[in-house]
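The opening position of the sequence shown corresponds to residue 27 in our numbering, with each subsequent residue numbered one higher. No residue lacks a Cβ here, since even glycine has one placed at the ideal position from N, Cα and C. As the structure is a computational prediction, the values presented were derived from the model and not from experiment.
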Amino acid sequence: MCYTQSRFKALLSACVLSLIATAGWSQSLTWLGTLPGYNRSYAYGVSADGAVVVGWADNDAEDFRAFRWQNGVMQDLGTLGGNQSGANGVSADGSVVVGWAENAAGDWRAFRWTASDGMEDLGTLGGYYSVASGVSADGAVVVGLAENAAGRSRAFRWTASDGMENLGTLGGVWSEAWGVSADGAVVVGEATNAAGRSRAFRWTASDGMEDLGTLGGLSSWANGVSADGAVVVGLAENAAEDFRAFRWQNGFMQDLGTLGGLSSWANGVSADGAVVVGDARNAAGQWRAFRWTASGGMEDLNTTYASLLTNGSELRGAYAISPDGRYIVGHGWNAATGRLEAFLLDTRCTAHNGDVDSNGCVDDADLLAVLFAFGNTSSNLGRVDVNCDGVVDDADLLQVLFNFGSGC
């Protein structure tokens, strides 16, 4: 059959647009839902492969409950005898969950949960309460905050062999730990100095607590740390007394900016320290989830992944990121259900051999698709961006040509 030039172009355009529209094959947004009976959930931790997410959600009694989500099922992890609990971190393989739970007396206690042993109360430093905030990759080291006998909150590092270790302060009266390196050797958080100001700290057994400074203001907090402990992220006050997300490395604290507003918070960082996530105010003063890289700066995830969001839905805060930077979790507004929900965002563009239409054959259709989209830098290119570098260019075209005919 013979086609006119205009009809051929129309058919080609329809084919290619259909391929571009399938970008969701490799990128996805999953709303995790809630526990039966109420309307909110928040995600604070994700396993290395993105299969397990932890956080807290309201139950039908409107109590906070720690949850572990896997394969579309949100599991209520229970409590230590009280009514409420929350999960803050998870091991790399998803088997160990840490957080806080009420005991029968109504006191918050740090817990470490496994499927075999359930919730283990990690105790305190002589007081009534404790909270577990982070866990090492293998689940063996837990960090958080606990009350001492004097009624002060102190950062702790816990292991099964040594129990709960008090990490001290920066000369003040209290401290809290919020993150730990993959091997459990580096702990980060906040502590008061002799002047009573909160300062971000980085702790190691050999050097103790190091004050990471500020961005020109008086206070700072550290929330996350890279796998090797070299990069720390959090928030710090600037000279204008606004709080800004920071990335600290080699003694230098970098202001990561905002999304057009005055404030931002960094909550998590990838294993190599290259990708930071958090939340920031936009020009309208609204909190929005962000991702930061040195090359791309701070990007609003609502803009980058707009094609994954239904009308009215919003990603409001990003709280954790997988070690490889692929999976981001947090909370937002799910317009479809009309409630605040935890989300799991899979950002990965999966590199492939040039089989753009996934029919098992690298052929003319794949070549034409790449040529049609050539120069496109959309944030959601899918398989047309063969090497996943964010632009359809010569490299993608060469990859298709190199593999032309394979699988056919």
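Distance between residue j and residue i (C-alpha atoms, nearest Å)
i, j, result
"Leu241", "Asp390", "55 Å"
"Ala435", "Gly416", "This structure cannot speak to residue 435, because the chain is shown only from 27 to 434."
"Leu341", "Trp126", "25 Å"
"Val303", "Gln275", "16 Å"
"Val124", "Leu394", "50 Å"
"Asp102", "Leu334", "28 Å"
"Thr373", "Ala136", "32 Å"
"Met145", "Leu106", "7 Å"
"Met235", "Thr195", "7 Å"
"Asn413", "Asp383", "15 Å"
"Phe269", "Ala262", "5 Å"
"Ala344", "Asp133", "28 Å"
"Asp392", "Gln53", "20 Å"
"Ser289", "Asn429", "48 Å"
"Met190", "Trp139", "16 Å"
"Gly364", "Thr56", "15 Å"
"Thr284", "Thr185", "37 Å"
"Glu325", "Ser187", "43 Å"
Residue i vs residue j beta-carbon contact at 8 Å
i, j, result
"Ala297", "Ser339", "no"
"Phe254", "Ser207", "Correcting the residue type first, residue 254 is Asp in the shown sequence and not Phe. Yes, the pair counts as a contact, with Cβ atoms nearer than the cut-off."
"Gly198", "Ser159", "no"
"Val213", "Leu193", "yes"
"Trp370", "Leu151", "The sequence given here has Leu at residue 370, not Trp. Cβ atoms of Leu370 and Leu151: not closer than 8 Å."
"Ser245", "Arg225", "yes"
"Gly351", "Ala300", "yes"
"Leu366", "Trp318", "no"
7 Å CB neighbourhood of residue i in its chain, flanking five on each side removed
i, result
"Gly210", "Ser162, Ala166, Val167"
"Gly431", "Val388"
"Ala77", "Gln96, Gly120"
"Val202", "Checking the sequence, you will find Glu at residue 202 rather than Val. So the qualifying residues of the chain are Leu171, Ser179, Ala181, Gly215, Glu216."
"Ala220", "Gly197, Gly198"
6 Å CB neighbourhood of residue i in its chain, flanking five on each side removed
i, result
"Gly386", "Gly433"
"Asp75", "none"
"Ala368", "Leu58, Ser67, Tyr68, Ala69, Gly81, His357"
Residues near residue i by beta carbon distance below 8 Å, same chain, minus five either side
i, result
"Asp84", "Thr60, Leu61, Gly63, Tyr64, Asn65, Arg66, Ser67, Phe90, Arg91"
"Ser142", "none"
"Trp73", "This sequence places Ser at residue 73; Trp is not what is there. If we look at Ser73 and ignore the five residues flanking it on each side, its Cβ neighbours are Val79, Val116, Ser117, Ala118, Asp119, Gly120, Ser348."
Three CB pairs or more closer than 8 Å across the region 360-367 and the region 292-310:
no
Are there three or more Cβ pairs, one per stretch, closer than 8 Å when the region 108-115 is compared with the region 91-99?
yes
Kindly provide the ranges of any beta strand (DSSP E) runs that are 3 or more residues long and lie completely inside the region 196-271, ordered along the chain.
197-206, 213-219, 224-230, 234-237, 242-251, 257-264
So within the region 156-186, which uninterrupted beta strand (DSSP E) runs reach at least 3 residues, ignoring any that extend past its ends?
Restricting attention to beta strand (DSSP E) runs no shorter than 3 residues, the region 156-186 encloses them at 168-174, 179-185, ordered along the chain.
Length at least 4, wholly inside the region 360-423: the alpha helix (DSSP H) runs in chain order:
390-398
Contiguous beta strand (DSSP E) assignments of at least 3 residues, all confined to the region 285-354:
For the region 285-354, whole beta strand (DSSP E) runs of length 3 or above, ordered along the chain, are 286-295, 302-308, 313-319, 323-326, 340-347.
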